[in-house]
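J.: First the structure, then my questions, so here it is.
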Amino acid sequence: MGLSKTQRKYRIRRRIRKVSNGTAERPRLSVFRSNSEIYAQLIDDVKGVTLAAASSRDKDIATSKGNKTEIAALVGKAIAEKSKAAGIEKVAFDRGGNLYHGRVKSLAEGAREAGLKF
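Under this note's numbering, the first residue of the sequence shown carries the number 291, and numbering increases by one thereafter.
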């Protein structure tokens, strides 16, 4: 019998984390997607700290109108602005076991539009 959807996602997540590690110069942009919200964090894996975070629950983003894909693009722009304020221009993208499609892709494209480099 094959893997369930969540087991497959966790297996992919472990495989991604083996390859992409975040440092202070190039942190990991980790994306978590739930059914209703989307979250992004810049993580320094060497020190084990979160450098910046943005989500669809932030006050300025939660009040905006649009579908989930459009809101994910706003989250991408917000995390890019916060990373520039922290002096970070390059990141390693971690899709968190999700397919690079839909909201995850929209978040990545929003971050790229705002000047973040993957």
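For each residue, glycine too, the CB sits at the ideal point set by N, CA and C.
Between the beta-carbon of Ala376 and the beta-carbon of Ala404, is there less than 8 Å?
T.: If you number the sequence shown from 1, residue 376 lands on position 86. If you number the sequence shown from 1, residue 404 lands on position 114. No.
J.: By how many angstroms is the C-alpha of Leu332 removed from the C-alpha of Val321?
T.: Position 31 of the sequence shown, counting from 1, holds the residue named residue 321. Position 42 of the sequence shown, counting from 1, holds the residue named residue 332. About 9 Å.
J.: Who are Ile328's beta bridge partners in DSSP?
T.: The count along the sequence shown starts at 1 and reaches residue 328 at position 38. According to DSSP, Ile328 bridges with Arg323.
J.: Counting C-beta neighbours from all protein chains within 10 Å, is the total for Leu293 16 or more, i.e. buried, or is it exposed?
T.: On the sequence shown, residue 293 is found 3 positions in, with the first residue counted as 1. Exposed: under 16 other Cβ atoms inside 10 Å.
J.: Name the two residues that bound the continuous beta strand (DSSP E) containing Val274.
T.: The structure shown does not extend to residue 274, since the chain spans only 291 to 408, so no value can be given for it.
J.: Going by beta-carbon coordinates alone, are Gly387 and Ile306 separated by less than 8 Å?
T.: Sequence index remark: in the sequence shown, residue 387 carries index 97 (1-based). Sequence index remark: in the sequence shown, residue 306 carries index 16 (1-based). Against a cut-off of 8 Å, the Cβ pair of Ile306 and Gly387 comes out as a contact.
J.: Since I believe Ala401 is in contact with Lys367 (beta carbons under 8 Å), could you give me their beta-carbon distance rounded to a whole number of angstroms?
T.: Along the sequence shown, read from residue 1 onward, the residue named residue 367 stands at position 77. Along the sequence shown, read from residue 1 onward, the residue named residue 401 stands at position 111. That belief holds up - the Cβ atoms of Lys367 and Ala401 are roughly 7 Å apart, short of 8 Å.
J.: Counting C-beta neighbours from all protein chains within 10 Å, is the total for Asp384 16 or more, i.e. buried, or is it exposed?
T.: Taking the sequence shown and counting its residues from 1, the one referred to as residue 384 is at position 94. It is buried - the Cβ of Asp384 has at least 16 other Cβ atoms within 10 Å.
J.: Strictly by DSSP, which residues pair up with Lys355?
T.: Translated into the one-based positions of the sequence shown, residue 355 becomes position 65. The partner list for Lys355 (beta bridge, DSSP) is empty, contrary to what the question assumes.
J.: Assuming the contact rule is C-beta atoms closer than 8 Å, Ala382 and Arg316 should be a hit. Round their C-beta distance to whole Å, please.
T.: Against the sequence shown, residue 382 aligns to sequence position 92. Against the sequence shown, residue 316 aligns to sequence position 26. At roughly 6 Å, the Cβ-Cβ gap stays under 8 Å, so Ala382 and Arg316 are in contact.
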